[in-house]
Amino acid sequence: MFDFFANIFGYLLQFLYQVVNNYGVAIILFTVIIKLLLLPLSIKQQRTMKKSTELQEKMKVIQFKYKSDPEKMNQEMMNLYKSENMSPFSGCLTAIIQLLLLLSIFYLVRSPLTYMEKIPQDSISNYVTQLQENGKAVSQVYPEIDLIRESNWLKEQNPDDPNVEKLNLQMNFLGLDLSKVPQQNMTDYTVYIIPVLYILSSFVSIKMTTAMQAKKNKQQKEEKEAKDIKIDGTTGKELVPQEEENNEMDAVMQTNKMMSWMMPIMSISIAFIAPLGLALYWLISNILMIAERLILDKVIK
46 MFDFFANIFG YLLQFLYQVV NNYGVAIILF TVIIKLLLLP LSIKQQRTMK KSTELQEKMK
106 VIQFKYKSDP EKMNQEMMNL YKSENMSPFS GCLTAIIQLL LLLSIFYLVR SPLTYMEKIP
166 QDSISNYVTQ LQENGKAVSQ VYPEIDLIRE SNWLKEQNPD DPNVEKLNLQ MNFLGLDLSK
226 VPQQNMTDYT VYIIPVLYIL SSFVSIKMTT AMQAKKNKQQ KEEKEAKDIK IDGTTGKELV
286 PQEEENNEMD AVMQTNKMMS WMMPIMSISI AFIAPLGLAL YWLISNILMI AERLILDKVI
346 K
């Protein structure tokens, strides 16, 4: 499946590369287009998050009221979701799409000659064999990146091969070689620039998300303190004990915090063992995501 989507993304990236003739600029434009295509999903996700926040109070009431009857509690929870036209699994779709993008684009930047340039595997294997027979190092993980670096030499060896022209991709972007892998070039300080910027953008994104969630929690608490919860026509007593509610809130916040760190940590780990083109995609994607969240948070009420 990842191979399938990497192949589709390759057509788009190849088109952009033909327009701008620079791999880095093509990656940036590619990221912007992907973000625009996913914008309706982002808007839906933001609305779902806001609606879920509003449902938290009703869910707490159901959980406390039927805590001794799990079957009845689950039934009432499903009825609540149905009445509010929501699904308990609505947040899973976004996570699945993020994972799909993560791995598909990793395939794409790892093998740009296969997915972007559409060079047959037989030709790629032949080029790799030529390099190995002439004592040139070829990575087992990223052989196509080495073919791009040795494109001039391969062109001399295969003057009549029409596919060899496709090896010469313009990987230089603002003085950075996007074909380099940080793990393989640890003495070159330039390979750390994009990953470090990505780490900083991830930190900003996480802090922003945490601050937004804290603000929402504070607003909920103030709204709750401003009114009594009615129980069977009476007032003055909260249905859910404050201590239990605080424990639930702490657990939710801890879970959200863990989830918000999990994806960046996984991405950072991959960024140091993948070509810089992937880290550039994640960096631009993070910047666009920060802008998107700020705008949608103001627009969607």
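Our numbering puts the first residue of the sequence shown at 46, with every later residue one more than the last. For each residue, glycine too, the CB sits at the ideal point set by N, CA and C.
Q | Coarse secondary structure for D205, derived from DSSP in three states | A | For this step, residue 205 is matched to residue 160 along the sequence shown. In the structure shown, D205 sits in coil (DSSP, three-state: anything other than H, G, I, E or B).
Q.
Quick check on F317: does DSSP put it in helix, strand or coil?
A. Within the sequence shown, the letter at position 272 stands for residue 317. If DSSP states are grouped into helix, strand and coil, F317 belongs with coil.
Q: For N67, count neighbouring Cβ atoms within 10 angstroms of its own Cβ and tell me buried if that reaches 16, exposed if not.
A: Within the sequence shown, residue 67 is the residue found at index 22, counting from 1. Within a 10 Å sphere around the beta-carbon of N67 sit 16 or more other beta-carbons, which makes this residue buried.
Q) Under the three-state reduction of DSSP, which class applies to N217: helix, strand or coil? A) Here the question's residue 217 lines up with position 172 in the sequence shown. It is a strand residue.
Q: Kindly give me the distance between the Cβ atoms of I329 and V226, rounded to whole angstroms, as I take these residues to be in contact under 8 Å.
A: The sequence position of residue 329 within the sequence shown is 284, counting from 1. The sequence position of residue 226 within the sequence shown is 181, counting from 1. Not a contact, Cβ separation roughly 19 Å.
(Q) Which residue marks the beginning of the alpha helix (DSSP H) containing N52, and which one marks its end? (A) Sequence index remark: in the sequence shown, residue 52 carries index 7 (1-based). Per DSSP, N52 belongs to the alpha helix (DSSP H) from F47 to V65.
**Q.** Whole-angstrom C-beta distance between G322 and I72, which should lie under 8 Å
**A.** One-based indexing of the sequence shown puts residue 72 at position 27. One-based indexing of the sequence shown puts residue 322 at position 277. Between I72 and G322 a beta carbon distance of about 6 Å is seen, short of the 8 Å cut, so the two are scored as contacting.
Q. In the DSSP assignment, what residue or residues form a beta bridge with D222?
A. On the sequence shown, residue 222 is found 177 positions in, with the first residue counted as 1. The partner list for D222 (beta bridge, DSSP) reads N217.
Q) Could you give the distance in angstroms between the alpha-carbon of E195 and the alpha-carbon of D167? A) Here residue 195 corresponds to residue number 150 of the sequence shown, with the count starting at 1. Here residue 167 corresponds to residue number 122 of the sequence shown, with the count starting at 1. CA-to-CA, the gap between E195 and D167 works out to about 18 Å.
Q | A71: first and last residue of the uninterrupted alpha helix (DSSP H) it sits in | A | Here residue 71 refers to the residue found at position 26 when the sequence shown is read from its first residue. Residues Y68 to L82.
Q) Using the rule of at least 16 other Cβ atoms within 10 Å of the residue's Cβ for burial, across every protein chain shown, is I169 buried or exposed? A) Along the sequence shown, one-based indexing puts residue 169 at 124. I169 sits buried, since 16 or more C-beta atoms from the chains shown fall within 10 Å of its C-beta.
Q) Does DSSP put Y187 in a helix, a strand or coil? A) On the sequence shown, residue 187 is found 142 positions in, with the first residue counted as 1. Coil at Y187, not helix or strand.
**Q.** Own chain partners of T76 with C-beta closer than 6 Å, once the 5 adjacent residues on each side are dropped
**A.** In the sequence shown, the residue the question calls residue 76 occupies position 31. Cβ within range, chain order: Y326, I329 and S330.
Q: Could you check if A316 is buried or exposed, using at least 16 other CB atoms within 10 Å of its CB as the buried criterion?
A: One-based indexing of the sequence shown puts residue 316 at position 271. Result: buried.
Q: Taking all protein chains shown into account, decide if S314 is buried (16 or more other Cβ within 10 angstroms of its Cβ) or exposed.
A: For the purposes of this step, residue 314 is identified with residue 269 of the sequence shown, where counting begins at 1. Under this definition S314 is an exposed residue.
Q | Cut-off 6 Å between Cβ atoms - residues of its own chain near N213, not counting five sequence neighbours on either side | A | As a position in the sequence shown, residue 213 is number 168, starting the count at 1. Closer than 6 Å at the Cβ level, and outside the excluded window around N213, lie S196.
Q | Unbroken alpha helix (DSSP H) run spanning T174, endpoints | A | Taking the first residue of the sequence shown as position 1, residue 174 is located at position 129. First-last of the alpha helix (DSSP H) with T174: Q166 to E178.
Q: Report the option in P165, F47, N124 and Q175 whose CA atom is closest to the CA atom of L146.
A: Numbered from its first residue, the sequence shown carries residue 146 at position 101. Checking every option, the nearest Cα to that of L146 belongs to F47.
Q) When you compare only the Cα positions, how much space is there between L61 and L74? A) Counting from one through the sequence shown, the residue named residue 61 turns up at place 16. Counting from one through the sequence shown, the residue named residue 74 turns up at place 29. So the alpha carbons of these two residues sit roughly 7 Å apart.
Q: For Y243, collect the residues of the same chain with a Cβ closer than 8 Å to its Cβ; drop the 5 residues on either side in sequence, then sort them by chain order.
A: The count along the sequence shown starts at 1 and reaches residue 243 at position 198. Around Y243: S312, I313, A316, A324, W327, L328 and N331.
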